[in-house]
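Working notes for the structure below.
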Amino acid sequence: MDISSVELLTQTFDNMVVQGSYFVIIDLEGVDFVSSPAVGVLMGCRRRLIEKKGNLVLVGLSLHLREKLNLMGANRIFRYYNDVKTVLTDYRWEHDQMAQKMSLQVPANPGYVPAIRRLLSSVVLQKGYNRKDAFRIETIIDELANNAIEHGDHAERKFYIDFSLDRDKVELQVRNLTRGLDSSLAQQVKQKFENPVVDDDSIRGRGLALVKMLSSELRLDIDAQGTTVHVTKVRED
Amino acid sequence: MPEKVPILIEFPVDADFIPSVRKFVSESTLIEGFTPKFSYRTEIIVDELCNNAVKYGPSTPGSSIKIQCDFEPDTIQLTVQDPGGTPKDVQNLRKVIGTEQESRHFLGHGLEIVRMLTSGMEVTQTPNGETVIRVVKRRSQNIIDTLTE
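From first to last, the protein sequence lines stand for chains D and B.
So the number in the numbering used here is just where the residue sits in the first sequence, counting from 1, plus 114.
So the number in the numbering used here is just where the residue sits in the second sequence, counting from 1, plus 10.
Spelled out as structure tokens, the structure:
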């Protein structure tokens with residue numbers, strides 16, 4: 115991408131802006147040189163796109179090209195991606211507010227709880243949530259996972275987690291299998307969930323109150339097969 | 011002894027999830043009694059297979075990668091399923107993985123490392139067109155262990 119391509123670049127961008135294409139991906143795979151005038155044109159184009167609430171990103175840079183562009187300060191202006199697919203995923207996350215979902219089936223073994231906590235908190239951190247939110251989500255999942263293991267049907271030896279996050283909130287469902295819960299016991303459990311009471315003299319029972327405090331919404335469903343706790347946690351930063 | 015419950019993980023075709031998922035699988039091997047060395051190598055395997063799934067799989071919203079970890083006393087079987095790959099891609103991959111050592115093609119650094127770290131590797135395709143790679147890792151049965159012991 116040298117000085118001879120500057121005019122073509124400029125023209126192409128002008129056409130794009132006229133057509134209303136404000137999000138541009140420049141694929142530099144196979145390109146081993148970008149001249150400073152060309153970088154200047156790209157910077158100018160990005161500025162114009164930003165004014166239209168768009169953006170311009172670079173993908174497919176070789177290590178060599180990345181180093182050359184960084185020397186020109188391009189890394190302070192442009193975001194680099196490995197490939198177009200990653201850009202599209204990022205775009206959908208930021209602009210379409212697409213929710214992304216994970217699900218787990220895990221052995222009902224308390225030894226797994228720290229690993230599950232770390233999994234979910236590292237995912238939210240990777241997606242741009244701050245440490246405070248990540249810690250709160252860890253606290254919530256810790257309590258719910260431990261409860262699911264303790265109170266689930268031990269013969270089943272597993273429980274389930276569904277996790278969905280978008281830019282604004284996290285939704286968590288923790289489900290265990292609790293066959294044989296009669297309706298009056300189910301009602302008691304539901305009541306305890308919806309109105310957790312902290313007994314000052316008890317060494318236990320604070321977890322649910324803590325989860326309720328940290329969540330934006332908390333709900334319990336009990337059916338013939340099992341118990342599902344639903345939590346929504348709105349992003350706070 | 012009852013059969014161990016497999017771990018199932020489903021996550022989006024998005025590289026952002028891979029570091030967390032590979033760490034979780036590697037921690038699971040420690041919980042199940044495998045050594046830190048085994049755990050680290052499992053992490054490398056999961057990383058490579060998932061990165062391939064992201065790289066070669068579709069990026070359509072809602073598409074996902076599925077991992078299953080089956081633990082036995084001395085082995086872990088890892089199955090990674092992704093929505094990508096044409097039947098031709100799968101056939102090529104199967105041909106390359108299955109070729110005799112002397113004449114096999116170089117798989118690419120990542121898959122070669124996976125092959126060195128595992129006792130077996132196979133690729134299949136589901137009726138829905140999803141690519142499934144299954145690897146088996148035993149406690150101490152691979153080239154690297156032989157070289158470092």
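By construction, the Cβ of each residue, glycine as well, lies at the ideal position given by its N, Cα and C atoms.
Remember, predicted model here, so these are calculated numbers, not experimental data.
- request: Determine the extent of the alpha helix (DSSP H) in which glutamate 58 of chain B is found, giving its start and end residues.
  value: What you label residue 58 of chain B is simply residue 48 of the second sequence in a count that begins at 1. Per DSSP, glutamate 58 of chain B is one residue of the alpha helix (DSSP H) stretching across 46–66.
- prompt: Taking DSSP as the reference, what is the three-state secondary structure of serine 113 of chain B?
  reply: What you label residue 113 of chain B is simply residue 103 of the second sequence in a count that begins at 1. Confidence is the limiting factor: at serine 113 of chain B the pLDDT is only 44, short of 50, which leaves the residue's position unreliable and the question unanswerable from this model.
message: Would the segment 48–62 of chain B count as touching the segment 116–134 of chain B if we require 3 or more Cβ pairs under 8 Å?
response: Contact between the segment 48–62 of chain B and the segment 116–134 of chain B is present, because at least three Cβ pairs lie under 8 Å.
message: Using a Cβ-Cβ distance cut-off of 8 Å, determine whether leucine 218 of chain D contacts chain B.
response: Walking along the first sequence from the start, residue 218 of chain D turns up at place 104. It does: the Cβ of leucine 218 of chain D has a partner Cβ on chain B nearer than 8 Å.
- prompt: Taking 8 Å as the CB-CB limit, is tyrosine 243 of chain D close to chain B?
  reply: Looking up residue 243 of chain D in the first sequence gives position 129. No, tyrosine 243 of chain D does not count as interfacial toward chain B.
message: Taking its Cβ as the centre, do 16 or more other Cβ atoms sit within 10 Å of phenylalanine 147 of chain D, making it buried, or is it exposed?
response: By 1-based counting over the first sequence, the position of residue 147 of chain D is 33. The residue is exposed, with fewer than 16 neighbouring Cβ atoms inside 10 Å.
query: Which chain D residues are close to isoleucine 54 of chain B, counting only those with a beta carbon under 8 Å from its beta carbon?
result: Start at 1 with the first residue of the second sequence, and residue 54 of chain B comes out as number 44. Chain D residues near isoleucine 54 of chain B: none, gap ~18 Å exceeds 8 Å.
query: DSSP three-state call for valine 124 of chain B: helix, strand or coil?
result: Against the second sequence, residue 124 of chain B aligns to sequence position 114. Correct three-state label for valine 124 of chain B: helix.
field: Residue-level contact to chain D via CB, valine 124 of chain B, 8 Å cutoff
entry: Within the second sequence, the letter at position 114 stands for residue 124 of chain B. Output row for valine 124 of chain B: interface = no.
Ranges of the alpha helix (DSSP H) found wholly within the segment 147–172 of chain D, counting only runs of at least 4: As far as the segment 147–172 of chain D is concerned, its whole alpha helix (DSSP H) runs of at least 4 residues are 150–165.
query: Hey, out of D/Ala262, D/Tyr243, D/Ser150, whose CA is closest to valine 288 of chain D's CA?
result: In the first sequence, the residue the question calls residue 288 of chain D occupies position 174. Of the candidates D/Ala262, D/Tyr243, D/Ser150, the one whose C-alpha sits nearest the C-alpha of valine 288 of chain D is D/Ala262.
message: Taking 7 Å as the limit between beta carbons, can you name the residues of its chain near phenylalanine 127 of chain D, skipping five residues before and five after?
response: Here residue 127 of chain D refers to the residue found at position 13 of the first sequence. Hits under 7 Å: Cys159.
task: Specify the secondary structure class of valine 138 of chain D as computed by DSSP and reduced to three states.
output: Numbered from 1 along the first sequence, position 24 holds the residue referred to as residue 138 of chain D. The three-state secondary structure of valine 138 of chain D, taken from DSSP, is strand.
- prompt: What's the gap between the Cα of threonine 128 of chain B and the Cα of leucine 88 of chain B?
  reply: Counting from one through the second sequence, the residue named residue 128 of chain B turns up at place 118. Counting from one through the second sequence, the residue named residue 88 of chain B turns up at place 78. Distance between the alpha carbons of threonine 128 of chain B and leucine 88 of chain B: 10 Å.
- prompt: Within the 8 Å Cβ cut-off, does leucine 164 of chain B reach chain D?
  reply: Chain B is shown only over 11 to 159; residue 164 of chain B falls outside these bounds and no answer can be derived.
- prompt: So isoleucine 55 of chain B packs on isoleucine 19 of chain B, CB below 8 Å; how close in whole Å?
  reply: Your numbering for residue 55 of chain B matches position 45 in the second sequence. Your numbering for residue 19 of chain B matches position 9 in the second sequence. Cβ-Cβ separation between isoleucine 55 of chain B and isoleucine 19 of chain B: approximately 14 Å, too far for a contact (criterion under 8 Å).
- request: Please go through the same chain and pick out, in chain order, the residues whose beta-carbon is closer than 7 Å to the beta-carbon of valine 201 of chain D, but skip the five residues on each side of it.
  value: Locating residue 201 of chain D in the first sequence gives position 87, counting from the first residue. Cβ contact annotation for valine 201 of chain D (same chain, cutoff 7 Å, sequence separation greater than five): Ile139, Val171, Val173, Tyr195, in chain order.
message: Please tell me whether tyrosine 50 of chain B and serine 30 of chain B are closer than 8 Å, where the distance is taken between their beta carbons.
response: Start at 1 with the first residue of the second sequence, and residue 50 of chain B comes out as number 40. Start at 1 with the first residue of the second sequence, and residue 30 of chain B comes out as number 20. No, Cβ-Cβ distance for tyrosine 50 of chain B and serine 30 of chain B is not below 8 Å.
field: Candidates D/Gly340, D/Arg206, D/Asp337, D/Lys347: closest to leucine 324 of chain D by CA position
entry: For the purposes of this step, residue 324 of chain D is taken as the residue at position 210 of the first sequence. It is D/Lys347.
Neighbourhood of serine 298 of chain D by C-beta, 7 Å cutoff - its chain only, sequence neighbours within 5 removed: Here residue 298 of chain D corresponds to residue number 184 of the first sequence, with the count starting at 1. The answer is none, since no qualifying residue turns up.
query: With 8 Å set as the bound, which would you pick, yes or no: does the beta-carbon of proline 29 of chain B sit closer than that to a beta-carbon of chain D?
result: Numbered from its first residue, the second sequence carries residue 29 of chain B at position 19. Yes, proline 29 of chain B lies at the interface with chain D (some Cβ there is under 8 Å from its Cβ).
task: Under 6 Å Cβ to Cβ from methionine 216 of chain D, same chain only, skipping five residues before and after it: list those, please.
output: Here residue 216 of chain D refers to the residue found at position 102 when the first sequence is read from its first residue. Contacts found: Phe277.
message: Among D/Lys304, D/Asp256, D/Lys241, D/Val303, whose alpha-carbon lies nearest the alpha-carbon of aspartate 351 of chain D?
response: On the first sequence, position 237 is the one that residue 351 of chain D refers to. Shortest Cα-Cα distance from aspartate 351 of chain D to any of D/Lys304, D/Asp256, D/Lys241, D/Val303 involves D/Lys241.
- prompt: Cβ atoms of threonine 136 of chain B and valine 142 of chain B: under 8 Å apart, would you say?
  reply: Taking the first residue of the second sequence as position 1, residue 142 of chain B is located at position 132. Taking the first residue of the second sequence as position 1, residue 136 of chain B is located at position 126. In this structure, valine 142 of chain B sits near threonine 136 of chain B, with a CB-CB distance shorter than 8 Å.
field: Among D/Val237, D/Ala259, D/Lys199, the one whose alpha carbon lies nearest that of proline 228 of chain D
entry: Looking up residue 228 of chain D in the first sequence gives position 114. The shortest C-alpha separation from proline 228 of chain D is found at D/Ala259.
query: Got a sec: is the Cβ-Cβ distance from isoleucine 86 of chain B to anything in chain D below 8 Å?
result: Residue numbering aside, residue 86 of chain B sits at position 76 when the second sequence is read from its first letter. For isoleucine 86 of chain B, the answer is no, since every Cβ of chain D falls outside 8 Å of its Cβ.
- prompt: To the nearest angstrom, how far is it from the Cα of alanine 25 of chain B to the Cα of glutamate 331 of chain D?
  reply: Reading the second sequence from its first residue, position 15 is the one you call residue 25 of chain B. Reading the first sequence from its first residue, position 217 is the one you call residue 331 of chain D. Straight-line Cα distance between these residues: approximately 30 Å.
- prompt: valine 284 of chain D and isoleucine 336 of chain D look like a contact to me (Cβ under 8 Å); what is the Cβ gap, rounded to whole Å?
  reply: Position 170 of the first sequence, counted from the start, is the residue given in the question as residue 284 of chain D. Position 222 of the first sequence, counted from the start, is the residue given in the question as residue 336 of chain D. 23 Å between Cβ atoms; not a contact.
message: If the cut-off is 7 Å on Cβ atoms, which residues from the segment 267–284 of chain D count as contacting chain B, listed in chain order?
response: The residues in question are Arg271, Lys272.
- request: Output the distance between the C-alpha atoms of serine 113 of chain B and glycine 139 of chain B, rounded to the nearest integer angstrom.
  value: Counting from 1 along the second sequence, the entry for residue 113 of chain B is found at position 103. Counting from 1 along the second sequence, the entry for residue 139 of chain B is found at position 129. Model confidence at serine 113 of chain B stands at a pLDDT of 44, short of 50, so the residue's coordinates are unreliable; what they give is reported in the following sentence. So the two alpha carbons sit approximately 29 Å from each other.
field: Whole-angstrom distance between phenylalanine 81 of chain B and serine 150 of chain B, CA atom to CA atom
entry: Residue 150 of chain B sits at position 140 when you count from the first residue of the second sequence. Residue 81 of chain B sits at position 71 when you count from the first residue of the second sequence. Straight-line Cα distance between these residues: approximately 15 Å.
- request: Within the segment 188–250 of chain D, note down every full beta strand (DSSP E) run reaching 3 residues or more, in order along the chain.
  value: Runs of the beta strand (DSSP E) inside the segment 188–250 of chain D: 214–221.
Inter-residue Cα distance where the pair is leucine 123 of chain D and alanine 152 of chain D: By 1-based counting over the first sequence, the position of residue 123 of chain D is 9. By 1-based counting over the first sequence, the position of residue 152 of chain D is 38. Leucine 123 of chain D and alanine 152 of chain D: Cα-Cα distance of roughly 8 Å.
message: Can you look up threonine 136 of chain B in the DSSP assignment and give me helix, strand or coil?
response: Residue mapping note: residue 136 of chain B aligns to position 126 of the second sequence, counting from 1. Three-state DSSP puts threonine 136 of chain B in coil, outside helix and strand.
message: Any beta carbon from chain B within less than 8 Å of arginine 232 of chain D's own beta carbon?
response: Residue 232 of chain D sits at position 118 when you count from the first residue of the first sequence. Cβ-Cβ to chain B under 8 Å: yes for arginine 232 of chain D.
- prompt: Which residues of chain B have a Cβ atom closer than 8 Å to the Cβ of asparagine 223 of chain D, listed in chain order?
  reply: Residue numbering aside, residue 223 of chain D sits at position 109 when the first sequence is read from its first letter. Here the neighbours are Ile41.
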